[in-house]
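Each remark here refers to the structure printed beneath this line.
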Amino acid sequence: MSDKQRVLVLLKPDAVKRHLIGEIVARYEARGLIVRAMELRTIDEQLASQHYAEHIGRPYFEPLVEFITSGPLVAMVLEGRKAIPVVRAMNGSTDCAESAPGTIRGDLGVHYRRNLVHASDSPESAEREIGLWFPHLAPQTDDPQ
328 MSDKQRVLVL
338 LKPDAVKRHL
348 IGEIVARYEA
358 RGLIVRAMEL
368 RTIDEQLASQ
378 HYAEHIGRPY
388 FEPLVEFITS
398 GPLVAMVLEG
408 RKAIPVVRAM
418 NGSTDCAESA
428 PGTIRGDLGV
438 HYRRNLVHAS
448 DSPESAEREI
458 GLWFPHLAPQ
468 TDDPQ
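Written as structure tokens, this is what we have:
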């Protein structure tokens, strides 16, 4: 069984506004991850709500949607050996103040909610998220008809 994985990564509006796209992408590439898709875009509330569906009803849901739709972001699919845990370790803790030095959030983050990056947390969420953001990369199912 191959341990190659794909992961959806978002460089959130704060990363774009602070001109950190190149630095963050370079860190992923330096780890051997391959960029399979990348797009600069501004999303609407519908996509944001679909993306963060598991958080609906939580007190931070509305601020999360408001932030992610507040400006352009970079959506990308990275691929590599154990890409999901590798990217999540590289990103660091959700709260930038608790992120270790050497992580993206630990080195570059300044706010616990505006924390620069998002990455899929499991193969299942990666498949779902890639399907939302890059439908042409979603796994194809064999239809016998």
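Under our numbering, the first residue of the sequence shown is numbered 328, with each subsequent residue one higher. Glycine included, every Cβ here is placed at the ideal spot set by N, Cα and C. Remember, predicted model here, so these are calculated numbers, not experimental data.
For P386, the number of other beta carbons within 10 angstroms of its own is below 16, and it is reported as exposed. Out of A465, P412 and I431, the CA that lies nearest to the CA of S447 is found in P412.
For the pair of segments examined, the stretch 334 to 353 was found to touch the stretch 429 to 449: the number of CB pairs separated by less than 8 Å reaches three.
Of all C-beta pairs linking the stretch 434 to 443 to the stretch 417 to 425, three or more are shorter than 8 Å, placing the two stretches in contact.
Unbroken beta strand (DSSP E) stretches of 3 residues or longer found wholly inside the stretch 342 to 370: 361 to 368, given in chain order. Taking the CA atoms as reference points, V352 sits about 32 Å from G384. Taking 4 residues as the shortest admissible run, the stretch 437 to 468 contains the following complete alpha helix (DSSP H) segments, listed from N- to C-terminal end: 450 to 460.
Taking a 10 Å sphere around the C-beta of A402, we find 16 or more other C-beta atoms and assign the residue as buried.
Within a 10 Å sphere around the beta-carbon of E456 sit 16 or more other beta-carbons, which makes this residue buried.
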